[in-house]
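A.B. asks:
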Amino acid sequence: MAEQVTMYQDGSAAVESDGVRRRDFINIAAVSFAGVGGASVLIPLITQMAPSKDVLALSSTEVDISAVQPGQAIKTVFRKQPVFIRNLTPAEIAAADKVPVDSLRDPQSLEERTVDGKKNWLVTLGVCTHLGCVPLGAAQGEIKGEFGGYFCPCHGSHYDTAARIRKGPAPKNLEVPEFSFLSDTVIKIG
Amino acid sequence: MSFSWAKHYEPKSDLTKWLDERLPLPRLVYGAIGGGYPVPRNLNYFWNFGVLAGIALVIQIVTGIIMAMHYAPNALVAFDSTEHIMRDVNWGWMLRYAHANGASFFFIVVYIHIFRGLYFSSYKAPREMIWLLGLVIFLLMMATAFMGYVLPWGQMSFWGAKVITGLFGAIPLVGEPIQQWLLGGYAPDNAALNRFFSLHYLLPFVIAGVVILHIWALHIPGSSNPTGVEVKSESDTVPFHPYYTAKDGFGLGVFLILFCAVLFFAPNMLGHPDNYIPANPLSTPAHIVPEWYFWPFYAILRAFTFDFFIVPAKLLGVLAMFASILLLFFLPWLDRSPVRSGNYRPLFRTFFIVLVIDVLILGYLGGAPAEEPYVMLSQLASAYYFAHFLIILPIISKIEKPKPLPFSITEAVLGKDSHGTAGGPALQPAE
């Protein structure tokens, strides 16, 4: 005799097999349903904090670089963050190429950080990779640090002419954002 | 509550009797902070700081709610609306200075409260929960203070928000998405300012809730005391009211005199002039430091300038900073000495004083520029901080020979002769 009939107080009867009652099943199913439903409500509650559509819409920027002479740099804004666009002089390019890549903290050559054939155009975020300060060195008269690139005044990170970290606490080179040349004088960042 | 001889609330008037049968709120208050809470008779003035912290929280909530009536959390106008409070709103300058300096005084009071707990080992059994809840309050306070500092949207506000959320960027793989999620963008902007305002308004009430749990947990074993000897009989205690309401009232008077002295005569002493410059995402102030109450932790953060195996320096600093607080959650189990009070632990007492000096040095270094010799000193002071809790404290509790403890609180107060009065209904004050 595998089955046993149980009478409940409300007069209903249930057939037990394997010790699982109909009510146990309903209980587990209901709580699971409510649990999954409740957990899924968390998705909108959490993702509402992620960048909104209008913030994401700002994620590309076009810049006219025709006026930037060799040795000069301009600051522009991309995603509410400063971007440095620098027209390197042949001497600065040579200084960057002279450094053995393997000796760097974040090994990258100038070629890897620029577009083919436009090695003189160095485009980087103006955000120190240590804690996010804006390094000096883009505007005229600002300190360029010991390696002639950028210098972050907050905690003393020095970047070279390819904006690679050379000295100080920052772990990475200044980030090169995604960018492309729309023409010889206009670049699109993002 | 905690002791059998605690007095019980007796409603006098018909109204209070009527209320007591329906909602015994006066009974709750009487038992919590009234005549119904027996407290050791020998508490010194260091026991004032819990009540003072509660009052500081009330000052912050009152001045904060009022300022929210005049402030606008929008990146375009936040700075101007702050200046509007300072210049145009009636008494706005006083309320804002009270709120800004109130935060500093809240931290001063809480730091003394924490070090009181460290010296008298208030974290030991059976009071671990009080200690743990207190640390939760401390963490909530730090989050609240940080977000509040962002709201005026000055240069320090902006760059503080950037640097502190940048700490999360140090986490491998998920760091950058977390940072963008926290800010609602790629850099601090309107989205960040709005959510910081929302949370800055919410968290003080969460703190108030945890404070209630903190006091609830306190009332189970009852207050600790400077001898560390547990209450044995009624003669060891006096009712909270009027004895400690009076003593706390005196302490409150001193607190308010000091608070008003800073509020009215040096309201910007603890602030940064750079925060009177509107936020500028394209220019970083030359010297970014957080508010003074974060300096010891900021010094630990900056002490790590070298990579350790594969862990980068930046991540190490962040981990160490959080660890310096999380470590305190394990303190009840790191200090194994059965003696509570530092007064009876000569070796512990010496190292406690060294720890206080070490934390003060860390505080000084956290406010100093990130250059030598400050960096090297930060490394030494940070190392000592961790060594105190992880190495020195466990060793002391093993090798130390404590001084003899008094038999009871009454004996400690009145001398051995009064031995016989223990257990009697003596309620005269300690003098």
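These protein sequence lines map, in sequence, to chains R and U. Note that the first sequence covers residues 3 to 192 in the working numbering. Note that the second sequence covers residues 1406 to 1836 in the working numbering. Ideal Cβ positions, reconstructed from N, Cα and C, are used throughout, including at glycine.
#1: Which bits of chain U does Ala52(R) rub up against, with CB to CB less than 8 Å?
#2: Alpha carbon to alpha carbon, how far is Ala1480(U) from Thr1487(U)?
#3: Check each candidate in Gln142(R), Phe153(R), Leu90(R), Ser182(R) and name the one with the smallest Cα separation from Arg168(R).
#4: Counting only runs of 3+ residues fully inside the segment 83 to 163 of chain R, write out the beta strand (DSSP E) ranges in chain order.
#5: Mind checking the segment 168 to 182 of chain R against chain U and listing, in chain order, the residues whose C-beta falls within less than 7 Å of any C-beta there?
#6: For the alpha helix (DSSP H) holding Glu1816(U), just list the boundary residues, first then last.
#7: Distance check for Pro1701(U) and Phe1757(U), CA to CA, integer angstroms please.
#8: Cα separation between Pro1443(U) and Asp1763(U)?
#9: Secondary structure at Pro1799(U), three-state DSSP: helix, strand or coil?
#10: Roughly how many angstroms separate the alpha carbons of Val1744(U) and His160(R), rounded to a whole number?
#11: Exposed or buried, Ala4(R), counting other C-beta atoms within 10 Å across all chains shown (16 or more means buried)?
#12: Below 9 Å between beta carbons: does that hold for Arg166(R) and Gln83(R)?
#13: What does a CB cutoff of less than 7 Å around Ala1505(U) pick up in its chain, not counting 5 residues either side in sequence?
#14: Within 9 Å (strictly less), CB to CB, does Lys77(R) reach chain U?
#15: For Pro72(R) and Thr1710(U), which I take to be in contact (beta-carbon distance under 8 Å), what is that distance rounded to the nearest angstrom?
#16: Measuring CA to CA, which of Ser1527(U), Leu1544(U), Leu1785(U), Pro1593(U) is closest to Val129(R)?
#17: Does the Cβ of Glu1415(U) have 16 or more other Cβ atoms within 10 Å, making it buried, or fewer, making it exposed?
#18: Have a look at Tyr1450(U), Tyr1698(U), Val1818(U), Ser1562(U) and flag the residue whose alpha-carbon is nearest the alpha-carbon of Ile1682(U).
#19: Met1546(U) to Val1467(U), Cα distance in whole Å?
#20: Less than 9 Å between the C-beta atoms of Ala97(R) and Thr163(R), yes or no?
#21: So, with DSSP's three-state summary, where would you put Lys1806(U)?
#22: Do Ala1613(U) and Leu1588(U) have their CB atoms nearer than 9 Å?
#23: Taking the alpha helix (DSSP H) that Ile189(R) falls in, what are its first and last residues?
#24: Would you please verify whether the beta carbon of Lys120(R) is less than 9 Å from any beta carbon of chain U?
#25: Beta strand (DSSP E) containing Phe183(R): first to last residue?
#26: Which chain U residues are close to Gly134(R), counting only those with a beta carbon under 7 Å from its beta carbon?
#27: Straight-line CA distance for Gly1459(U) to Gly1656(U)?
#28: Count the other C-beta atoms from every protein chain shown that fall within 10 angstroms of the C-beta of Thr49(R), then say buried if there are 16 or more, exposed otherwise.
#29: Could you tell me the alpha carbon to alpha carbon distance between Leu1433(U) and Leu1795(U), rounded to whole angstroms?
#30: Check this for me: beta carbons of Pro179(R) and Thr126(R), under 9 Å apart or not?
#31: Gly142(R): buried (16+ other C-beta within 10 angstroms of its C-beta) or exposed?
#32: When the cut-off is 9 Å and only beta carbons count, does Arg88(R) lie next to chain U?
#33: Express the C-alpha separation of Trp1697(U) and Met1726(U) in angstroms, rounding to a whole number.
#34: List the DSSP bridge partners of Ile76(R).
#35: For Ile1693(U), collect the residues of the same chain with a Cβ closer than 8 Å to its Cβ; drop the 5 residues on either side in sequence, then sort them by chain order.
#36: What is the C-beta distance between Met51(R) and Trp1586(U), in whole angstroms, given that I count them as a contact (C-beta under 8 Å)?
C.D. replies: Taking the structure as given:
#1: If you number the first sequence from 1, residue 52(R) lands on position 50. What Ala52(R) touches in chain U: Gln1585, Trp1586, Gly1589.
#2: The sequence position of residue 1480(U) within the second sequence is 75, counting from 1. The sequence position of residue 1487(U) within the second sequence is 82, counting from 1. C-alpha separation (whole angstroms): 12 Å.
#3: The residue labelled residue 168(R) in the question sits at position 166 within the first sequence. Per the Cα distances, Phe153(R).
#4: 83 to 89, 123 to 127, 150 to 154, 159 to 162
#5: Pro171, Pro173
#6: Along the second sequence, read from residue 1 onward, the residue named residue 1816(U) stands at position 411. Element bounds for Glu1816(U): 1814 to 1819.
#7: Here the question's residue 1757(U) lines up with position 352 in the second sequence. Here the question's residue 1701(U) lines up with position 296 in the second sequence. Computed Cα separation, rounded: 17 Å.
#8: Start at 1 with the first residue of the second sequence, and residue 1443(U) comes out as number 38. Start at 1 with the first residue of the second sequence, and residue 1763(U) comes out as number 358. Those two C-alpha atoms are separated by around 37 Å.
#9: For the purposes of this step, residue 1799(U) is taken as residue 394 along the second sequence, with counting starting at 1. The answer is helix: DSSP assigns Pro1799(U) an H, G or I state.
#10: Residue 1744(U) sits at position 339 when you count from the first residue of the second sequence. Residue 160(R) sits at position 158 when you count from the first residue of the first sequence. If you take the alpha carbons of Val1744(U) and His160(R), they lie about 53 Å apart.
#11: As a first step, residue 4(R) is located in the first sequence; it is residue number 2 there, counting from the start. Here the model assigns Ala4(R) a pLDDT of 48, short of 50, so the residue's position is not dependable and the matter cannot be decided.
#12: Residue 166(R) sits at position 164 when you count from the first residue of the first sequence. Residue 83(R) sits at position 81 when you count from the first residue of the first sequence. No; because the gap between Cβ atoms is not below 9 Å, this pair is not in contact.
#13: Working through the second sequence from its first residue, we reach residue 1505(U) at position 100. Here the set comprises Gly1676.
#14: For the purposes of this step, residue 77(R) is identified with residue 75 of the first sequence, where counting begins at 1. Chain U, which has a Cβ nearer than 9 Å to the Cβ of Lys77(R), makes this yes.
#15: As a working note, residue 72(R) is residue 70 in the first sequence. As a working note, residue 1710(U) is residue 305 in the second sequence. In fact, because the Cβ distance is near 35 Å, the residues do not count as touching under 8 Å.
#16: By one-based count along the first sequence, residue 129(R) stands at place 127. Checked all of Ser1527(U), Leu1544(U), Leu1785(U), Pro1593(U); the closest Cα to Val129(R) is Pro1593(U).
#17: Counting from 1 along the second sequence, the entry for residue 1415(U) is found at position 10. Under this definition Glu1415(U) is an exposed residue.
#18: On the second sequence, residue 1682(U) is found 277 positions in, with the first residue counted as 1. Of Tyr1450(U), Tyr1698(U), Val1818(U), Ser1562(U), the residue nearest in Cα terms is Ser1562(U).
#19: Start at 1 with the first residue of the second sequence, and residue 1546(U) comes out as number 141. Start at 1 with the first residue of the second sequence, and residue 1467(U) comes out as number 62. Those two C-alpha atoms are separated by around 16 Å.
#20: For the purposes of this step, residue 97(R) is taken as residue 95 along the first sequence, with counting starting at 1. For the purposes of this step, residue 163(R) is taken as residue 161 along the first sequence, with counting starting at 1. For Ala97(R) and Thr163(R), yes; Cβs fall inside 9 Å.
#21: Start at 1 with the first residue of the second sequence, and residue 1806(U) comes out as number 401. Coil, per DSSP.
#22: For the purposes of this step, residue 1613(U) is identified with residue 208 of the second sequence, where counting begins at 1. For the purposes of this step, residue 1588(U) is identified with residue 183 of the second sequence, where counting begins at 1. In this structure, Leu1588(U) does not lie closer than 9 Å to Ala1613(U) by Cβ.
#23: Here residue 189(R) refers to the residue found at position 187 when the first sequence is read from its first residue. Here Ile189(R) belongs to no alpha helix (DSSP H); instead the beta strand (DSSP E) covers 188 to 191.
#24: Position 118 of the first sequence holds residue 120(R). So, not an interface residue.
#25: As a first step, residue 183(R) must be located in the first sequence, where it is residue number 181. Per DSSP, Phe183(R) belongs to the beta strand (DSSP E) from 181 to 183.
#26: By one-based count along the first sequence, residue 134(R) stands at place 132. Here the neighbours are Lys1567, Val1568, Gly1571.
#27: Locating residue 1459(U) in the second sequence gives position 54, counting from the first residue. Locating residue 1656(U) in the second sequence gives position 251, counting from the first residue. Their backbone Cα atoms lie some 13 Å apart in a straight line.
#28: Locating residue 49(R) in the first sequence gives position 47, counting from the first residue. That one is exposed.
#29: Indexing the second sequence from 1 puts residue 1433(U) at position 28. Indexing the second sequence from 1 puts residue 1795(U) at position 390. Roughly 41 Å between the two C-alpha positions.
#30: Along the first sequence, one-based indexing puts residue 179(R) at 177. Along the first sequence, one-based indexing puts residue 126(R) at 124. Their beta carbons are under 9 Å apart, which means Pro179(R) touches Thr126(R) by this criterion.
#31: Your numbering for residue 142(R) matches position 140 in the first sequence. Sequence check: residue 142(R) is Gln here, not Gly. Exposed: under 16 other Cβ atoms inside 10 Å.
#32: Taking the first residue of the first sequence as position 1, residue 88(R) is located at position 86. It does not; no Cβ of chain U falls within 9 Å.
#33: Here residue 1726(U) is taken as the residue at index 321 of the second sequence, counted from 1. Here residue 1697(U) is taken as the residue at index 292 of the second sequence, counted from 1. When rounded, the distance between both Cα atoms is 15 Å.
#34: Against the first sequence, residue 76(R) aligns to sequence position 74. Per DSSP, Ile87(R).
#35: In the second sequence, the residue the question calls residue 1693(U) occupies position 288. Around Ile1693(U): Met1561, Trp1564, Gly1565, Val1568.
#36: Reading the first sequence from its first residue, position 49 is the one you call residue 51(R). Reading the second sequence from its first residue, position 181 is the one you call residue 1586(U). Confirmed, about 5 Å.
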